[in-house]
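According to UniProt numbering, the sequence shown is numbered sequentially starting from 1.
Glycine residues also receive a C-beta, built at the ideal position from the N, C-alpha and C atoms.
Notes follow once the structure below has been shown.
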Amino acid sequence: MDQSNRISPQSVNSDISEIQPTQSTRSRGCIRSKLTWIIFTIVIIAGISIPTAIILTKKGNVVETNLTTIITTTGKGSTTLMLTTIKSSTTTTTAEPGSTTTQAVCQSDATAITFDDIPSANPREAELPINYAGLTWTNGYYINITTSPKSGYRHAVASGIYVGWSRDPMTMQTLSANSTMTFVSCIMAAGWSNSTKVKITGYYSNTQLNTTTYSLNTYTKTSVVLNWSGINKVIFTPSGSGDIDYGMDNLCIIF
């Protein structure tokens with residue numbers, strides 16, 4: 001055999017050693033590329049399937065809601081997850097065993113009339129003091145809702161265990177005839193009848209300035225928002241069939 005046509009073993013080995021690193025590099029690059037796309041696909045699926053996660057935690061009497069939003073951004077060879085958490089909280093108060101109600105909070109410049117701070121309060125129910133919470137009351141009463149667990153008063157309560165109530169026209173007015181107030185809001189519910197309606201009328205002296213009527217029931221609270229200013233007297237007048245008792249709590253008044 002012609003010696004010039006024979007392939008030198010050293011030459012073959014040299015060529016193989018030059019080719020092998022290139023093939024190894026390409027394999028590793030291919031694997032990295034596939035892994036990147038696999039991770040990218042998983043992240044996209046997760047982003048579509050569960051864009052948000054809501055976590056509820058309870059600390060004492062505060063329930064915190066943690067809303068976590070998952071945002072995905074992509075770039076060459078990289079995927080970034082950014083977590084943004086928004087927290088909100090609701091203060092709750094236990095009105096009776098087994099029930100929890102959201103506590104209505106008045107604005108900072110308003111006084112909250114809760115019926116829970118009546119001096120020497122009767123453990124069951126009684127007539128409101130004539131002068132209470134900076135106002136004069138007529139035909140007004142208060143009741144401990146735990147003594148009537150089947151009534152609608154449990155929905156009228158917004159804090160504590162007492163609510164104000166009446167079955168007759170009830171009047172609240174400023175201590176001085178020359179003073180005025182703003183009736184911002186309150187929570188109401190019917191005591192026993194789902195056909196109960198309460199007409200609320202605001203006066204300055206004997207001049208009627210505002211009036212509205214709310215339909216109440218025994219199975220849910222009604223948020224009454226008025227923002228009536230420049231008045232010095234409010235009359236609550238019930239109507240309907242059956243026992244037209246009505247309850248109220250957390251009256252927000254600005255003096």
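Among the options, the one whose alpha carbon lies nearest that of residue i
i	options	result
N131	N144, D117, R124	D117
T182	S195, Q173, P129	Q173
G240	L135, L216, S229	L216
L135	P149, S108, S176	S176
K150	A133, W137, A189, F115	A189
F115	S195, F255, C186	C186
P119	C106, S108, S195, A133	A133
P202	T171, W137, C106	With the sequence shown as reference, residue 202 is identified as Gly, and Pro is not the correct amino acid for it. Taking only the C-alpha atoms, the option nearest G202 is T171.
T212	F236, P129, N178	F236
Test item: CB-CB of residue i and residue j under 8 angstroms
i	j	result
N232	A112	no
G247	G160	no
N227	V184	yes
G242	L209	no
T147	E125	yes
K197	P238	yes
I254	D109	yes
First and last residue of the uninterrupted beta strand (DSSP E) at residue i
i	result
Y214	207–215
A110	Premise fails: A110 is in no beta strand (DSSP E) and is neither H nor E.
residue 341	Look at the range of the chain in this structure, 1 to 255, and you will see that residue 341 is not part of it.
K199	197–204
CB-CB length for residue i against residue j, believed under 8 angstroms
i	j	result
I200	V234	7 angstroms
I244	S193	6 angstroms
T180	Y204	7 angstroms
Extent of the continuous alpha helix (DSSP H) to which residue i belongs
i	result
P142	The question names Pro, but residue 142 in the sequence shown is Tyr. First-last for Y142: 141–144, but that is the beta strand (DSSP E), not the alpha helix (DSSP H).
A156	153–156
Inset, instruction - Evaluate contact between the stretch 144–157 and the stretch 218–236, counting only Cβ atoms and requiring at least three cross-stretch pairs below 8 angstroms. - result: Segments in contact, yes.
Inset, instruction - Determine, using beta-carbon pairs with one atom in the stretch 139–149 and one in the stretch 163–172, whether at least three such pairs fall under 8 angstroms. - result: yes
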